[in-house]
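Student:
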Amino acid sequence: MNLDFLGYVAAVCTTVSFLPQAFKIIKSKKTNDISLIMYSILVIGVILWTIYGIYMKDWSLILANAITSVSASVVLVYKIRNVIKGESI
Numbered sequence: 134m135n136l137d138f139l140g141y142v143a144a145v146c147t148t149v150s151f152l153p154q155a156f157k158i159i160k161s162k163k164t165n166d167i168s169l170i171m172y173s174i175l176v177i178g179v180i181l182w183t184i185y186g187i188y189m190k191d192w193s194l195i196l197a198n199a200i201t202s203v204s205a206s207v208v209l210v211y212k213i214r215n216v217i218k219g220e221s222i
């Protein structure tokens with residue numbers, strides 16, 4: 134049985150789940166309630182998943198994690214900027 138469809142559905146779900154948070158932070162510029170450590174680890178993890186997907190030639194892993202790494206990185210950049218400015222802990 135080919136489970137590629139399941140992989141793509143899972144990829145869409147996990148990728149889309151990060152977009153509302155990213156849009157909210159871009160709009161409000163507030164990051165007080167998110168964890169710097171969590172987003173740092175998350176970005177590293179999704180980048181590694183992307184690399185793994187490339188190695189495995191698995192497009193659902195590549196696409197989902199590449200897009201998620203961008204949206205999670207945006208959140209992380211806003212968080213780091215706010216920490217540096219003293220506006221977030």
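Just add 133 to wherever you are in the sequence shown, counting from 1, and you've got our numbering.
Think of the CB as a built atom: it goes at the ideal place given N, C-alpha and C, for glycine as much as any other residue.
These numbers come from a predicted model, not from an experiment.
Would Ile-167 and Val-208 be called neighbours here (beta carbons separated by less than 8 Å)?
Tutor: Yes, the Cβ-Cβ distance between Ile-167 and Val-208 is below 8 Å.
Student: Quick check on Tyr-185: buried or exposed, where buried means 16 or more other Cβ atoms within 10 Å of its Cβ?
Tutor: It counts as exposed.
Student: Spatial neighbours of Asn-165 within its chain, please: CB distance less than 6 Å, with the 5 preceding and 5 following residues excluded, ordered by chain position.
Tutor: Answer for Asn-165: Ser-221, listed in chain order.
Student: Return helix, strand or coil for Ser-168, following the three-state DSSP convention.
Tutor: Looking at Ser-168 - three-state DSSP - the assignment turns out to be coil, as it is neither helix nor strand.
Student: Could you spell out where the alpha helix (DSSP H) holding Asn-198 opens and where it closes?
Tutor: It spans 192-218 - the alpha helix (DSSP H) in which Asn-198 sits, taken as one unbroken run.
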